[in-house]
Structures are given as structure tokens and as C-alpha cells.
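Below is one structure, written out as C-alpha cells; comments come after it.
Numbering (our numbering), first residue to last: 828 to 1670.
Set out below in C-alpha cells:
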């Protein structure tokens, strides 16, 4: 007869017996631990929330969350540390493979639930709600979502300090009051510190008796016949006492509905948690009317007008207001305090002083509680309620930028008293308190809002831990990016970027620290992070960062980190500085050859051959050596590198038909492997090859394809496509099209720190010459000549532009004048180049 048992590893779990067997012998695991294990195992790997576990293992009982953590710890000691995974802020998941020998799964432990009551006509026997101080901006969707929870006997509105829980709950209470014939009552607990006063404060708010030897029993008895809405505001600092009271009321007075505001849930079986987030902030570029549909902007404008009735938000001010609201994280308290400073400082003055937000954001209201009169006081209120370990983890997270993973948090926050499991539990507590945000996802990323991060940073400085934590952060990021570099060669762009793309701000912060304190680590980190900057369209930034480290990497310190640094420096200069691309690749190839590093040498040879600087014979030799180094088991990204170099070499020796064939092969391989960056590079080559072969229609179609892709990607191939389109327009004598393409080119190049401007400056000079602006064209020819010297090589587009424009200016200008203008043009800065190139044509 089946025992309906689960089997995993060497264990057998029999829920009906409440026993866990190890190799056939019963273990001494307690009954509660068996119940916890039963719930987790029966869910087949599903993530089970803490609240659900508490409900199902301790139904109808009020227990501390610590009880659950004790049971989980006991299970891990017996089953192994990796048997149960913790997702902070979410819950637990059983991770071992499970077999079940019964025909039906055992009945799950479930909490009891009560149905929703019907509400008679309102009589308003009790109506002691404070008046609404004003509109609650931007909470319409939140109010609708809260209304959907209304049948629940207990709703807790949870959120960080300053997020507007009180105003939101008060607005909801006014909306709901007609549903209760005995009215609604508001109880404010922020002013009390003694948990023993909670019962009497609630009774006082309701106008009911709570006297006698058992005040709680008397309060419940008084509430039993009533149909009333009870709102308890600011419960976080007396949470256990509130939970005890609420549990008793719900058990003894079934027609009472309770709304609580707190920074933490009560963790009661009947509770529904409503987490209140920041107000929405629009993206830049919207109209004023559209922006006012977002709560953050609407609240900001309302608060400024409350002080200055003449204030009207204009379109010219809008982006600054949006930026302010975004920097304030959409937090209502911060927005109100910032808006109050606008009449004195102006929008620009407030924006400039946000770096000192805790000095800037304070008020002096006589009716507002002191903890809500400054942002610092509001955060101090939350911080004071944290335990020692919670404070330690919270402040150490301040060095993390742009979000972080659980693994990174564990590395940064641990110490001799906080092992990784303790850090996980503490992080979960910080998520519950809304001090740390957990983004959606199966394995979420975590982040601190800017105000929280600044506050945690102050506490980190006060603790004296900042230097050690910054160092630990930089070392952890370097280790992460070492792994990222290896993964890069084996994974698709989308897969790799989804994993490592969110870490770009952490990489920047680690680099900033390493450049100042550990330059060897900086060399290692910049080399490892090269692919991240490339795929995210941040090559100009990475080139600039690397310039400060080149001297260090030139000093005698051979090693894999230095070789990788020069290799990635070379890859960053493709088409931007071909001489530099060649020189850096030469250094990398020497180091990799000395180390007998097959892959490294292969990649360095790709940069040497692809630089366009090598004579054709040497370039072909480099391609042959690459072919000899290739391994059958190498991933697709590695093998595409030789094809990329081969296309460049074939173009340089004008074997265009063969170059197109190789390029098409490269395109197919890159698309099948999900290498979007390589696809863009192949399309770019295909466009210029088609133009060289006289197939202008194919060139235009390919450019349009690149531009369409560019709307969703941040790489620089849009610049090439615009240059090719301008070149085709010149071939077809379509000057309006050429000017339009080059105008877009200039705009895109400006946004990328003038990337590719030098390579395609000849097109700008040609536009000026064909429009009859010969003096401007001569200046631009001087700038172009200097740029070509730095590049070291040119492609089919630049050769076409150079040959045409030099002939035009020579025919139009006296040689002495031409030489003088060219000399003047060689010293132009990029903005001046664009001004001369795009000034209005004559007539």
C-alpha cells in the first residue's frame, strides 16, 4: 500500500506520519520543521513566500518570523546548505530533485479564510477621520488596486519613509467610510514609544472602553457588535503589539475591517499587503499636459503653486522639473520639500543643490510631525528601528550603483558576525521595510533609491568602513567581469547583456576607485569590461578611461591582464584610430605569443589584420595564422573574428566580389548565433561593398536596415550607415538627401563624443564644395587630411569623398589661398567643423 511519500537524495518524507527518514531510519527532525519541509517539497520547486509558509504551518496563530528562520536553518543543517534557496523579500524554494510514490499528492496545509460581509446602508455612527489636507496626486491606479482588496479583513499599506502612506490611507478611508454603518476611525501611533499603550490608543481613537484587568479583551468585546473601519497609522515601531491587537480584533469582531500603514507587514494569516511605490515620473520630451498626468510632476507643481500662486509650468522648464522629480525618486516627501525651496532658489538652484539633499530638503511647518519636516529626519526614523546587523548591511550597500545581485550583496555585506545566510535574511528584512527595492523577476535585482543610497552613504562614512567596502566592491566587480569576459565569447549578445548589462554603473564605480587606489586592478578591470562598453554603445567612454592607464600597462609587468588590456584597447579603436588599433594589437600579440595563449593570439591577429594598416601580404599572412590557430570546438563568436578581419583585408585590396561573399557568410553565422553586434558590423561592410560595386539600391536598402536596427541598439553602426547614404546621394547628385543624411550623422556623432567624425569629414567637405561653399570646403579638407593621418587607413567611402572634394577645391581656389585655408582648417574643433559643413548654401 502506498505511503504517499516524497523521496530526494537519501531522504524519504512521509507527511501523513510527520516524519523524515534518512536511509530508512527516522530523523529527529521536529514536527514543525517537517511541516515546513512538506510545504516546500509539495510545491515542486515553486517559490513559496514567507507569509504563505507562516499561514500553512502555523494556521490561525501569531508567530514571529524568527520561528520560520529557525526551522529553515534546521532543515539546511540536515539536508545540506543548497537544499533550500532563499530569495530575499520573496521567500524560499526547495532545490533538490523530488520523486513522489503516491497516486495523489497529500492535502496541503491551508489557512482558514472568512468570506466578505455585505455592507448595509451607512449611518455614520462613528466618523473620526482627520480631514484630507489636499488632493493625493498620482495615486488613481493605486487606489483602484487597493479597492480590489477591500473585502479582506486586514490590509497593510507598506512603504518606505516619505512615500506617502499616511495620505494614501487617509484618502482611501474617506472613500470607504460609507461602506460601514458604524463609521470609520483613525488611530495615529507615531507619538507613542511604549507598546503597552497601543490598546488604549486604539480604544481612545474609537471612543470605546478598554478598561479592566484585560484591556484588549474589553476592546474586542466593545467592537464585536460594530461594523466599522479601523485605520492604524505608523505601526512599524510597535509592530508586535499592533499585530497582537489586530489578531485579537479579527478573531473576536468579524465585522471590523482594519487598514494599517507601516514600513513592515504584520505577518498575520488574514493580511493582504499593499506595497506603495514612488509616484510616476514621465520621460523627457513629453508635453506639459502629458507630464501633469504623472503624480510626481503634478505634486511638484501643486506644492510650488501653494507658495507662489503665479507659478505656471512651461515647456522650457519641463525637462528640468522632470529631472528633479527623477533625482528625488518620485518620493512625495522629498518632492514636497524640494518644491518648497523653489520660490527662494529657483528650479536651477534646487537642481544644483541636490547633491546636498539632506541640507536642502527640510521644512518648518508647525503642524507637520518633526520626522516629516526633513528628509533626513524621515530616514532617521526608519534607521533607528533597524537591528545592528540590518544597519551594517544597509550602509554597506551604499557603494552599489544601478542595482545589484544577491551574490554581490553577500560579498560586500558579510563580516565575521554575518555569514552569507545571515546577509540573505537581513537583505530580506530590508526589502520588507522598503529600504531596499526588489525588482520583478524570478531572480530579482535589488537597488536603493537615490535618497536611500545617499543616506546609507552617510552612515557608511560615519562607521569608518568606507575604504574597506569600496576596495571589496572593486575586487568583487573585477572578479565578476573576469567571468563576464569568458562568457562573452560563448554567449549571444542578448543572453550576455541581460546578465551583465545591468552592472555597468557598478563597473564604472569600481574603475573610478581602482584608478585612484589600485591601478593594476584598474588595468585588469578595464580589459575585462571592454566588451560590456562595446556592446552597450559606450566605446568612447571606454577609450577615454583607458588613456589614463596606458602608461601603467606599458611598464614591464607581463601577464594575462595586461595582454587583455591591450587587446581590448585595440578593438575599441577600429575605424577610429587605425594606427592605434594596429599598435595596441601588436603589443597584445607579443604578450599572447610569449604566453602561448592560442585564443589571445588569434584575437590580436584579428585586430592586426583588420586595422587596415598592414601591407596586403602581411595582412594575408595574419589571416593564415588565424586559420591555423582555430579550434573545432570554439564558439561562433570567436570564429566570426577571422571573417570580420578577412572582409576588411579583401576590401583594402579591392576584391569586392569576394569580400561580399565572405560578408554574407559572416552575416548568416552571426544571425544564427544571436551576435547582434557582429550582424551590425557585417551589414555595415555589406553597405559599403555594395556601393563600391555600383549597386546603390542595395547599399541604400542595407543602410535603412542598419538605421532601423539602430532604434533598438546603442552601437555606432548608425554613423556608418548615414555616411554611406550620404555617399550614395552624392553619386546620384541628390544634394538635399546628402545634406539630410550628414545632418543626422553630425547629430549622432556629437552624442557619441564625435566618434567617426574624422573618418567621414571628407563627406562634409564634399557637401560644402558641391553647394558652392569652396572656402568652407577648403577648411574642411585641411581638417580631413589631419584626421586621415591619425587614422592610418581609409575605406571606399572616404576614398570617394577625398578624390572628389580635392579636385573641386583645387579647381575653384588659388593654390596660395587653398593652402592657407587648409592650414586653418587643420586646427578646427569638432563643433567648428560641423558649423562650416552645415552652414546655409548660397542663395
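Quick reminder that beta carbons are idealized off the backbone N, C-alpha and C, glycines included.
This structure is a prediction, so every number in the text was calculated from the model and none was measured.
- Nearest Cα to residue 1286 within the set 1213, 882, 963 and 1308: 1213.
- Residue 1033 is not a Cβ neighbour of residue 1072, given a cutoff of 8 Å.
- Taking C-beta atoms as the reference points, residue 1122 and residue 966 count as a pair closer than 8 Å.
- Cβ-Cβ distances below 6 Å link residue 1611 to 1588, 1589 and 1592 in the same chain, with the five nearest sequence neighbours on each side left out; the list follows chain order.
- Residue 1549 is positioned such that its CB atom lies closer than 8 Å to that of residue 1572.
- Residues 892, 895 and 918 of the same chain have their beta carbon placed closer than 7 Å to that of residue 877, with the five preceding and five following residues left out of the count.
- Bridge partners of residue 1060 according to DSSP: 1015.
- Taking the C-beta atoms as reference points, residue 1341 is found no nearer than 8 Å to residue 988.
- For residue 1351, the closest C-alpha among the options 1443, 1376 and 1602 is that of 1376.
- Around the Cβ of residue 1344, a 10 Å sphere holds fewer than 16 other Cβ atoms; the residue is exposed.
- Residue 1136 counts as exposed, since fewer than 16 other beta carbons sit within 10 angstroms of its beta carbon.
- The count of Cβ pairs closer than 8 Å, one atom from the segment 1552-1563 and one from the segment 1574-1585, stays below three, leaving the stretches out of contact.
- Straight through space, the alpha carbons of residue 993 and residue 1067 are spaced by roughly 20 Å.
- The three-state secondary structure of residue 1627, taken from DSSP, is helix.
- In the structure shown, residue 920 adopts extended strand secondary structure according to DSSP, grouped into three states.
- Under a 10 Å Cβ-count criterion, residue 1551 is classified as buried, with 16 or more other Cβ atoms of the shown protein chains found around its own Cβ.
- The segment 1084-1099 and the segment 1108-1119 do not touch, with fewer than 3 CB-CB distances between them shorter than 8 Å.
- Beta bridge pairing from DSSP links residue 833 with 840 and 927.
- Classified as buried, residue 1264 has 16 or more neighbouring CB atoms from the shown chains inside 10 Å of its CB.
- One Cα belongs to residue 1496, the other to residue 1139, and the distance between them is close to 57 Å.
- In this structure residue 1175 is exposed. Its beta-carbon is surrounded by fewer than 16 other beta-carbon atoms within 10 angstroms.
- Membership of residue 846 in any alpha helix (DSSP H) is not indicated; the residue belongs instead to the beta strand (DSSP E) covering 846-849.
- In this structure, the alpha-carbon of residue 1180 lies about 36 Å from that of residue 1087.
- Taking 3 residues as the shortest admissible run, the segment 1096-1158 contains the following complete beta strand (DSSP E) segments, listed from N- to C-terminal end: 1098-1102.
- In this structure, residue 1607 lies near residue 1660, with their beta-carbon atoms less than 8 Å apart.
- Here the alpha carbons of residue 1065 and residue 1260 stand approximately 14 Å from one another.
- Excluding five sequence positions before and after residue 1042, the CB atoms of its chain that fall closer than 8 Å to its own CB belong to 1026, 1027 and 1030, given in chain order.
- Secondary structure at residue 1242: strand, using DSSP grouped into helix, strand and coil.
- DSSP places residue 984 inside the beta strand (DSSP E), whose first and last residues are 981-985.
- With a contact defined as Cβ atoms closer than 8 Å, residue 1109 and residue 1124 qualify at about 7 Å.
- Excluding five sequence positions before and after residue 1016, the CB atoms of its chain that fall closer than 8 Å to its own CB belong to 1025, 1028, 1059, 1060, 1061, 1062, 1064, 1065 and 1069, given in chain order.
- Judged by DSSP secondary structure, residue 1480 falls outside any alpha helix (DSSP H); it is assigned neither H nor E.
- Scanning 1425, 1445 and 1476 for the CA closest to the CA of residue 1455 turns up 1425.
- Classified as exposed, residue 888 has fewer than 16 neighbouring CB atoms from the shown chains inside 10 Å of its CB.
- Beta-bridge annotation (DSSP): residue 853 is paired with 848.
- Note: residue 1273 is bridge-paired with 1231 and 1265 in the DSSP secondary-structure output.
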